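In what follows, a structure is listed as structure tokens, so that the remarks can point back to it.
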Amino acid sequence: MQTPVPDYLQQILDECGAPNTGATADYIPELADADPEILGICLATTDGVRYDAGDADVPVSIQSISKPFVYALAIAELGLDAVLKRVGVEPSGEAFNELSLEAKSGRPRNPMINAGALTTHALIGGGTASVEERFELVRRGLSDFAGRDLSVDEQVYASELDTAYRNRAIANMLRNYDLIDIEPEDVVRGYTRQCAISVTTRDLAAMAATLANGGVQPMTGQRVVEPAVVRQVLSVMMSCGMYDAAGDWMTTIGFPAKSGVSGGILGVLPGQIGIATLSPRLDSHGTSVRGVRLCGRMSKDMGMHIM
Ligand code: DON
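Heads up, the sequence shown is in the working numbering, so the first residue is 1 and it goes up one at a time.
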């Protein structure tokens with residue numbers, strides 16, 4: 001049976017696909033070589049129906065889109081107060097890979113930038129888990145959000161780890177300020193592996209729909225996190241998810257979202273749908289050029305700005 005939604009999605013892919021400007025992430029060799037023509041979109045409803053068009057089944061590494069979910073897992077495991085002691089909730093107004101530590105407390109400004117995400121990763125497993133155990137908690141948690149078992153793209157992992165000097169520098173600073181209690185190299189390895197978890201646009205939409213659905217995965221019915229955790233995560237996504245373009249994104253497109261350097265964008269309309277787009281060429285903020293265009297188009301067509 002033909003439904004109107006896929007037709008609409010195909011239509012906006014056709015209309016927003018050109019020009020395909022921007023550049024693939026060049027600081028991770030494996031991502032620099034990504035096929036720039038990939039273009040996918042998927043919407044997932046809170047009752048578990050997914051509509052997609054284009055390359056929605058092509059797997060890519062999740063990259064920074066993992067950050068809100070690991071933040072959710074950290075809050076669920078340790079409680080909000082414990083997480084807030086280590087990571088703030090203020091927009092940094094700086095690029096994702098800046099240190100952006102608060103002047104007085106030394107905390108990373110928020111969990112969406114690399115400094116905050118390295119810290120949140122280190123919190124999983126309560127500081128006693130091994131690198132492998134901590135990663136497994138993260139992988140299982142993200143799989144629960146997606147509603148299927150996710151695995152790692154080992155090539156992307158090896159490629160990023162090879163060149164992760166900047167994240168190593170950040171992790172060493174975090175250790176210096178006692179914001180992480182474990183060896184910086186172990187945190188970088190675990191966080192880099194987290195970023196290399198392989199997902200499709202359909203997976204991202206399902207993960208977004210779990211947030212839209214107050215923490216219950218719509219397809220499996222599993223409660224992954226409590227509504228209060230979702231509220232915290234979406235609030236931080238809204239103010240910090242797009243880094244130094246967060247204000248521009250929120251005023252023009254207007255729903256909480258998170259980007260990743262492999263070209264994904266994940267968006268959430270609370271109580272309604274999860275949104276995901278994929279196109280590898282990025283703008284200067286590390287966000288997919290055609291993904292921004294597609295989200296802007298949907299926001300306009302369907303009144304998705306939450307204000
Ligand atoms: O740590 C990094 O630099 C990458 N693994 C993730 C960065 C990222 O996806 C930024 N988002 N647009």
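The beta-carbon is built from N, C-alpha and C at its ideal position, and this holds for glycine as well.
On a predicted model such as this, the values are computed, not experimentally measured, just so you know.
Cα-Cα separation between M1 and Y8, rounded to whole angstroms: Confidence in M1 is poor, its pLDDT being 47 and thus under 50, which makes the residue's placement unreliable; the coordinate value appears in the next sentence. Approximately 15 Å between the Cα atoms of the pair.
Tell me which residues share the same chain as E160 and place their Cβ nearer than 6 Å to its Cβ, disregarding the 5 neighbours each side in the sequence. I28, T192
Whole-angstrom C-beta distance between V89 and N110, which should lie under 8 Å: 6 Å
Does at least one heavy atom of the ligand DON sit under 6 Å from the Cβ of V261? yes
What number of angstroms, rounded off, separates the C-alpha of A32 from the C-alpha of G263? 11 Å
Taking its Cβ as the centre, do 16 or more other Cβ atoms sit within 10 Å of A23, making it buried, or is it exposed? exposed
What do you reckon, is the C-beta of Q217 under 6 Å from a heavy atom of the ligand DON? no
Where K258 falls: helix, strand or coil (DSSP): strand
Closer than 6 Å by C-beta to L179: which residues in its own chain qualify, once you throw out the five before and the five after it? Chain order, please. R86, T119
In angstroms, rounded to a whole number, what distance separates the CA positions of S100 and G93? 9 Å
What's the call for Y51, buried or exposed, on a 16-neighbour Cβ count within 10 Å? buried
Decide if the segment 168 to 182 is in contact with the segment 205 to 213; the criterion is three or more beta carbon pairs, one per stretch, under 8 Å apart. no
Quick one: Cα of D244 to Cα of M112, how far? 11 Å
With DSSP collapsed to three states, give me the class of Y51. strand
Under the three-state reduction of DSSP, which class applies to M1: helix, strand or coil? Model confidence at M1 stands at a pLDDT of 47, short of 50, so the residue's coordinates are unreliable; what they give is reported in the following sentence. Residue state, collapsed to three classes: coil.
Is it right to say N167 is buried, meaning 16 or more other beta carbons lie within 10 angstroms of its own, or is it exposed? buried
Any chance the segment 184 to 198 sits against the segment 133 to 153, with 3 or more Cβ pairs inside 8 Å? yes
Residue from V188, I275, V187 whose Cα sits closest to the Cα of N213: I275
Cβ of M240 within 6 Å of any heavy atom in the ligand DON? One point to set straight first is that residue 240 is Cys, not Met, in the sequence displayed. Answer for C240: no, Cβ out of range of the ligand DON.
Could you name the residues that DSSP lists as bridge partners for L223? First, the amino acid is wrong: residue 223 is Arg here, not Leu. Answer is V216, bridged to R223.
Among P4, L123, L39, which has the Cα closest to the Cα of V187? L123
4-residue-minimum alpha helix (DSSP H) runs that sit fully inside the segment 46 to 123, ordered along the chain: 66 to 78, 80 to 86, 114 to 123
Comparing the C-beta of G40 with each C-beta of chain B, is any distance below 7 Å? Protein chain content of the structure displayed is limited to a single chain, and chain B is not contained in it.
Would you mind reading off the limits of the alpha helix (DSSP H) that contains I306? No alpha helix (DSSP H) contains I306, which DSSP labels as neither H nor E.
Once you ignore the five residues that flank F135 on each side, which residues in its own chain have a CB closer than 6 Å to its CB? G190, R193
Could you check whether D57 and L39 sit closer than 7 Å to each other, using their CB atoms as the reference points? no
Tell me whether P68 is buried or exposed, calling it buried when 16 or more other Cβ atoms sit within 10 Å of its Cβ. buried
Take the Cβ of D203 as the centre, count every other Cβ of all protein chains shown within 10 Å, and call the residue buried at 16 or more, exposed below. buried
Where S64 and T21 are concerned, what is the direct C-alpha to C-alpha distance, given to the nearest angstrom? 21 Å
Would you call the CB atoms of K258 and G271 closer than 7 Å? no
For A44, tell me which candidate among D81, M219, Q10 has the shortest Cα-Cα distance. M219
Nearest-angstrom Cα separation, counted from W249 out to M237: 11 Å
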